[in-house]
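Before any comments, here is the structure.
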Amino acid sequence: MSSLANNYNRRKISFKKGKGSFLYSSKGVKYLDFIQGIAVNSLGHSNPYLNKALSYQSKRVWHVSNAFEIPEGERLAKRLTQNTFADLVIFQNSGAEATEAAIKVARKFFHAKNKAYKNRILCIKNSFHGRTLAAIHASGSKKMTEGFGPKIPGFDHFVFGNHKSLKKSITKKTAAIMIEPVLGEGGIKVIPKWCLKGLRKICDQKKILLICDEVQCGIGRSGKFFAFEYSGIKPDIVPIAKGLGGGFPIGAVLMTKKVAVGMTPGTHGSTFGGNPLAMKIGNAVLDKIMKKSFLKKVQNISNYFLKELNKIKNEYPEIIKEIRGFGLLIGLQLHKDQTKFIKKLEQNKLLTIRAAENVIRILPPLNVKKSEINMSIKIIKRVCKQYK
């Protein structure tokens, strides 16, 4: 009997090692891993370059307090600001922490402007922003918040795609709109370019902030460094995590200098956020992802993958309803519950994971090979054929 609490419905499989796009079970079975820790292992398992960076830093210093300067963090922050919309960075350990920090930055901004009444965050109903108490209430999901009352105040919601609902929900107390450019847990639903442009315009008109949660869709996952870049907008605040550490726990909130005015010494902190070991790994990930041709390769392999998946959809329209997403954040929406299909994929040695709306999430490493994409295509077709 396990001593672990029962808050996960774990599959009866464990792994002894991983390499690139593959995992090897404790029984020696080889699986093509298109979960990658849920969009975390951006460069695959046991990446040699990341291993080298980890080994180097582990022999020097793992952790020091943020009471001191941390050169590795200064370097990572500088690279992030030089290559994005942001001017400043606060490092955290996870996506949920980064989201919480983003909320704090937004509220503190208006507090510093003597508008403390502007403290409500407007979010998409049934989105996902993490598992902390504030984050689950930001998500507006009854399933996630049930049993965790009382309700954390300060969050309002609008329905995905309902612009009338959105505009009616903005009040004089609204401080920011927080959205995922691609809803991950919510079913790989992409917010269109014109909609993101519209959100930016609304925020400018209402003099409120725009927070783009790029925890899952950021750091190259979309084929650009950030998914919002496709729309040409600039947000005010962006929480990130997952792929930035390539498997090592890192989170961060990026912001413009303007909105960081309230974040003075003592307003926010993190014991482990920004530690030298995490920062060394983050810099190593950027070494790879920021290479000139890297993201173009992600876009090219994504276009090929989506094209092949749509061929399967057209061949089996009674099984696959829609192919969603872009980059290497892809969803297969089925007509029926996806549980059995995911199990069949696993039996055929392809690992995937569920999302809302009967969607199967497919999340290869960003450096996945074409031969590995072809392998997954064959498996998906085989499973569809078994269903026909």
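Per our numbering, residue 3 is the first one in the sequence shown, and the count goes up by one each step. Each residue gets a CB set at the ideal place from its N, CA and C atoms; glycine is no exception. Predicted, not measured: the structure shown is a model, and the values here were computed from it.
Beta-carbon proximity of residue i to residue j, cut-off 8 Å
{"i": "F93", "j": "S272", "result": "yes"}
{"i": "V287", "j": "G248", "result": "yes"}
{"i": "S373", "j": "F36", "result": "no"}
{"i": "M180", "j": "I138", "result": "no"}
{"i": "P278", "j": "Q59", "result": "yes"}
{"i": "L365", "j": "I40", "result": "yes"}
{"i": "P241", "j": "S44", "result": "no"}
{"i": "N121", "j": "R109", "result": "yes"}
{"i": "G188", "j": "A357", "result": "yes"}
{"i": "N68", "j": "G276", "result": "yes"}
{"i": "V217", "j": "A243", "result": "yes"}
{"i": "I382", "j": "I190", "result": "no"}
{"i": "G97", "j": "G132", "result": "yes"}
{"i": "G22", "j": "G46", "result": "yes"}
Supposed contact pair residue j and residue i - C-beta distance, whole angstroms, cut 8 Å
{"i": "N350", "j": "R384", "result": "6 Å"}
{"i": "K175", "j": "Y232", "result": "31 Å between Cβ atoms; not a contact."}
{"i": "F2", "j": "T258", "result": "Outside the shown range of the chain (3 to 390) lies residue 2, about which nothing can therefore be said."}
{"i": "L90", "j": "A262", "result": "5 Å"}
{"i": "K323", "j": "L308", "result": "15 Å between Cβ atoms; not a contact."}
Alpha-carbon spacing of residue i relative to residue j, whole angstroms
{"i": "R13", "j": "E348", "result": "10 Å"}
{"i": "I193", "j": "R202", "result": "13 Å"}
{"i": "M265", "j": "F160", "result": "29 Å"}
{"i": "F328", "j": "V300", "result": "10 Å"}
{"i": "N360", "j": "K346", "result": "15 Å"}
{"i": "G156", "j": "K387", "result": "49 Å"}
{"i": "I239", "j": "G142", "result": "20 Å"}
{"i": "L135", "j": "G149", "result": "11 Å"}
{"i": "F392", "j": "N312", "result": "In the structure as shown, the chain begins at 3 and stops at 390. Residue 392 is therefore absent and cannot be evaluated."}
{"i": "L34", "j": "S16", "result": "14 Å"}
{"i": "I221", "j": "G163", "result": "25 Å"}
{"i": "V66", "j": "K380", "result": "49 Å"}
{"i": "T173", "j": "D158", "result": "10 Å"}
{"i": "V42", "j": "G245", "result": "4 Å"}
{"i": "L6", "j": "K170", "result": "45 Å"}
{"i": "S27", "j": "N53", "result": "21 Å"}
The alpha helix (DSSP H) enclosing residue i, as first and last residue numbers
{"i": "P278", "result": "278-291"}
{"i": "H139", "result": "135-141"}
{"i": "V385", "result": "372-389"}
{"i": "V411", "result": "For residue 411 there is no data in the structure shown, the boundaries of the chain being 3 and 390."}
{"i": "C197", "result": "195-208"}
{"i": "I40", "result": "38-41"}
{"i": "A55", "result": "50-60"}
{"i": "K170", "result": "165-171"}
{"i": "E317", "result": "296-317"}
{"i": "F24", "result": "Premise fails: F24 lies in the beta strand (DSSP E), 24-27, not in any alpha helix (DSSP H)."}
Bounding residues of the beta strand (DSSP E) (the contiguous stretch that carries residue i)
{"i": "F160", "result": "157-160"}
{"i": "Y10", "result": "No beta strand (DSSP E) contains Y10, which DSSP labels as neither H nor E."}
{"i": "T176", "result": "176-181"}
{"i": "F17", "result": "17-21"}
{"i": "E359", "result": "No beta strand (DSSP E) contains E359, which DSSP labels as neither H nor E."}
{"i": "V255", "result": "253-257"}
Flag this pair as touching only if the region 280-298 and the region 198-214 have three or more C-beta atom pairs under 8 Å; answer yes or no. Three or more beta-carbon pairs separated by less than 8 Å are not found between the region 280-298 and the region 198-214, which leaves the two stretches without contact.
Kindly confirm or deny that the region 95-112 and the region 240-255 touch, where touching means at least three C-beta pairs closer than 8 Å. The region 95-112, when compared against the region 240-255, does touch it at the 8 Å Cβ threshold.
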